[in-house]
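Engineer: Just so we're aligned, residue 258 is where the sequence shown starts under this note's numbering, counting upward by one. We put the CB at the ideal spot given by N, CA and C, even for glycine. A single structure is presented below for examination.
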Amino acid sequence: MKILISPAKQMKTYEDYFDTSSSPLFLDQTKILLKQLKSLSYSELKIAFKCSDKLAKEAYENYQSLDLDQARIPALFAYRGIQYTTMAPEVLEDEALRYLSKHLLILSGFYGLLRPFDTIVKYRLEMQSKIPFSLYDFWGSALADSIQDPFILNLASEEYAKCIRPYRPLIDVRFFEKDSQRLVEKGVYVKIARGEMVRYLAQNQIETIEKIQQFDLLGYYYSSSHSSDHEIVFIREHK
Numbered sequence: 258m259k260i261l262i263s264p265a266k267q268m269k270t271y272e273d274y275f276d277t278s279s280s281p282l283f284l285d286q287t288k289i290l291l292k293q294l295k296s297l298s299y300s301e302l303k304i305a306f307k308c309s310d311k312l313a314k315e316a317y318e319n320y321q322s323l324d325l326d327q328a329r330i331p332a333l334f335a336y337r338g339i340q341y342t343t344m345a346p347e348v349l350e351d352e353a354l355r356y357l358s359k360h361l362l363i364l365s366g367f368y369g370l371l372r373p374f375d376t377i378v379k380y381r382l383e384m385q386s387k388i389p390f391s392l393y394d395f396w397g398s399a400l401a402d403s404i405q406d407p408f409i410l411n412l413a414s415e416e417y418a419k420c421i422r423p424y425r426p427l428i429d430v431r432f433f434e435k436d437s438q439r440l441v442e443k444g445v446y447v448k449i450a451r452g453e454m455v456r457y458l459a460q461n462q463i464e465t466i467e468k469i470q471q472f473d474l475l476g477y478y479y480s481s482s483h484s485s486d487h488e489i490v491f492i493r494e495h496k
């Protein structure tokens, strides 16, 4: 089993959590992307990223000075966002970290596919950005082709899952809020639940669909009537 998650837009800058020994699998392709990003003007980068002047300026300056050989931060600890805060890898025990090292993959517009202890640099590049070419076209089937496991559990947003979905079947995990008999996915709650699910999988060393379905944290329960062979649905009721 492989578990897919998205990166976060914001990243940390501190280093040396662990001694790491792996480099990203698609580093040669990342070098191509970096060369292209360095060639873009500030205005072109701002249009591609659809962000504020401040963020565009930071991204432009970062790419102009970025050196991939200075990668020091393990991917699992590099991102700062709701899902990663909930996951809290900094306080996971060694056994749980070993599980994630074996099972977890982080999708990335810049690096393609990251294992938890691949060392990376700080960057900003969402998968849906065009620079000016599509990153979905750039990565093609390469990311999916590198995953050989019999099933892939998807905890990534659709923006990132779209890199894999056309080429490999995914088992999507979805979290709904039930309010006045309606089922609604709410972005913040979904991110929190995804982080909690990753922690649950790692701490319990889970390897099967049946065990995944037993997740019952944060008030969620598995709904067999809403689930299918390709979708595992959890619901939380609001009174």
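Taking buried to mean at least 16 other C-beta atoms within 10 Å of its own C-beta, is H407 buried or exposed?
Structural biologist: The amino acid at residue 407 is misidentified as His; the sequence shows Pro. By the 10 Å Cβ count, P407 comes out exposed.
Engineer: Any contact of the segment 452 to 461 with the segment 472 to 481, i.e. 3+ C-beta pairs under 8 Å?
Structural biologist: Touching, yes.
Engineer: Near L362, which residues of its chain fall below 6 Å by C-beta distance, leaving aside the five closest residues on each side in sequence?
Structural biologist: Correct list, in chain order: K259, L261, L370.
Engineer: Near R425, what residues of its chain come up, given a Cβ to Cβ distance below 8 Å and the 5 sequence neighbours on each side ignored?
Structural biologist: A401, I404, I409, listed in sequence order.
Engineer: Classify I404 as helix, strand or coil using the three-state DSSP reduction.
Structural biologist: In the structure shown, I404 sits in coil (DSSP, three-state: anything other than H, G, I, E or B).
Engineer: Which two residues bound the contiguous beta strand (DSSP E) that contains E434?
Structural biologist: E434 -> beta strand (DSSP E) spans 428 to 436.
Engineer: Which whole-angstrom value describes the C-beta separation of H487 and L427, a residue pair presumed to lie in contact below a C-beta threshold of 8 Å?
Structural biologist: So it is a contact: roughly 7 Å between Cβ atoms.
Engineer: Following the continuous alpha helix (DSSP H) through L290, name the residue where it begins and the one where it ends.
Structural biologist: Per DSSP, L290 belongs to the alpha helix (DSSP H) from 284 to 296.
Engineer: In chain order, what residues of the same chain have a beta carbon less than 6 Å from the beta carbon of Y380, not counting five sequence neighbours either side?
Structural biologist: If we look at Y380 and ignore the five residues flanking it on each side, its Cβ neighbours are F367.
Engineer: When you compare only the Cα positions, how much space is there between Y336 and L440?
Structural biologist: Their backbone Cα atoms lie some 30 Å apart in a straight line.
Engineer: Comparing alpha-carbon positions, which option in L312, F491, P373 lies nearest R344?
Structural biologist: Note that residue 344 is Met in the sequence shown here, rather than Arg. Residue P373 is the option with its Cα nearest to M344.
Engineer: Give every residue of the same chain whose Cβ lies closer than 7 Å to the Cβ of A316, excluding the five residues on either side of it in the sequence, and list them in chain order.
Structural biologist: Here the set comprises L302, F306, R381.
Engineer: DSSP state of M384, grouped into three classes?
Structural biologist: Reduced to three states, the DSSP call for M384 is coil.
Engineer: Could you give the first and the last residue of the continuous beta strand (DSSP E) run that contains R329?
Structural biologist: No beta strand (DSSP E) holds R329; DSSP gives it neither H nor E.
Engineer: When we look at the beta-carbon of H495 and count the other beta-carbons within 10 Å, is it buried (16 or more) or exposed?
Structural biologist: Exposed.
Engineer: Quick test of your reading: P281 and L364, contact by CB under 8 Å. State the CB separation rounded to the nearest angstrom.
Structural biologist: Actually they do not touch by this definition, with Cβ atoms about 12 Å apart.
Engineer: Could you check the C-alpha separation between D429 and A399 for me, to the nearest Å?
Structural biologist: So the alpha carbons of these two residues sit roughly 20 Å apart.
Engineer: From P389 to L294, what does the alpha carbon distance come to, in whole angstroms?
Structural biologist: For P389 and L294, the distance between alpha carbons rounds to 10 Å.
Engineer: Checking the sheet assignment: what are the DSSP bridge partners for Y479?
Structural biologist: Its beta-bridge partners are F491.
Engineer: I need the straight-line Cα distance from Y393 to M384, nearest angstrom please.
Structural biologist: Cα to Cα, the separation comes out at about 7 Å.
Engineer: Could you give the first and the last residue of the continuous beta strand (DSSP E) run that contains I259?
Structural biologist: Here the sequence assigns Lys to residue 259, which means Ile is not the residue at that position. Its beta strand (DSSP E) spans residues 259 to 262.
Engineer: Look at the Cβ atom of I339, then the Cβ atom of K269, and state whether they are nearer than 8 Å.
Structural biologist: Against a cut-off of 8 Å, the Cβ pair of K269 and I339 comes out as no contact.
Engineer: Apart from the five residues on each side of it in sequence, which residues of its chain come closer than 6 Å, Cβ to Cβ, to G476?
Structural biologist: Once the five neighbours on either side are set aside, the close Cβ partners of G476 are R493.
Engineer: With L392 as the anchor, note down where its alpha helix (DSSP H) starts and where it stops.
Structural biologist: Segment 392 to 396, the alpha helix (DSSP H) holding L392.
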